[in-house]
Amino acid sequence: MANSLGQLFTLGRVSEDFVIHGVTFKMVLLDTRILTQALEAASGLRDDVAQTIEYKRQILSRSIMAINDDVYIRDQDAPEDTEVNRLLDVTAKLHTSIINQLYMKYEELDAKVSKEVEDDLKNSSKRRGA
Numbered sequence: 000m001a002n003s004l005g006q007l008f009t010l011g012r013v014s015e016d017f018v019i020h021g022v023t024f025k026m027v028l029l030d031t032r033i034l035t036q037a038l039e040a041a042s043g044l045r046d047d048v049a050q051t052i053e054y055k056r057q058i059l060s061r062s063i064m065a066i067n068d069d070v071y072i073r074d075q076d077a078p079e080d081t082e083v084n085r086l087l088d089v090t091a092k093l094h095t096s097i098i099n100q101l102y103m104k105y106e107e108l109d110a111k112v113s114k115e116v117e118d119d120l121k122n123s124s125k126r127r128g129a
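When we follow numbering that gives the first Met the number 0, the leftmost residue of the sequence shown carries the number 0, and every step to the right adds one.
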């Protein structure tokens, strides 16, 4: 059975739950289109520290699907502006250390997918005799 391009679209759609001080955050990796929207929304700040914090908040506000049982984003492929803004309000109230920890968890998810792709590429090279 041949693999389809559609499988690559879902490869990075990994989600995982993370618990911080008894609060569960369900996060998903963003596709390139939504990640680009987050980066564009975070651009324009003059201060490097503020830019970094905003960059993380914008990404988290699109990758956090739920906090405990409260669903914030219903469709991970098309988060609505009102959903993102609601999460931006939440992240604005969190201490920077919590933002940093959540962002590190996001990066860990990304690293898992990157490793999976890297391993697959290595294995395909071996099968071709390269």
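Cβ coordinates follow ideal geometry from the N, Cα and C atoms, glycine included.
Boundaries of the beta strand (DSSP E) around Val18: Ser14 to Ile19.
Close CB contacts of Lys111 within its chain, under the 8 Å cut and outside five residues either way in sequence, are with Val13 (chain order). Residues of the same chain with a CB within less than 7 Å of the CB of Val83, apart from the 5 flanking positions on each side, are Ser60 and Arg61 in chain order.
Put simply, the stretch 90-106 does not touch the stretch 37-47. Fewer than three CB pairs are less than 8 Å apart. Here the C-alpha atom of Asp30 lies approximately 14 Å from the C-alpha atom of Gln57. Rounded to whole angstroms, the Cβ separation of Val27 and Met64 is 6 Å, and the two are in contact under 8 Å.
Here the alpha carbon of Ser113 sits roughly 24 Å from the alpha carbon of Pro78. In terms of Cβ geometry, Tyr71 and Leu86 form a close pair [threshold 7 Å].
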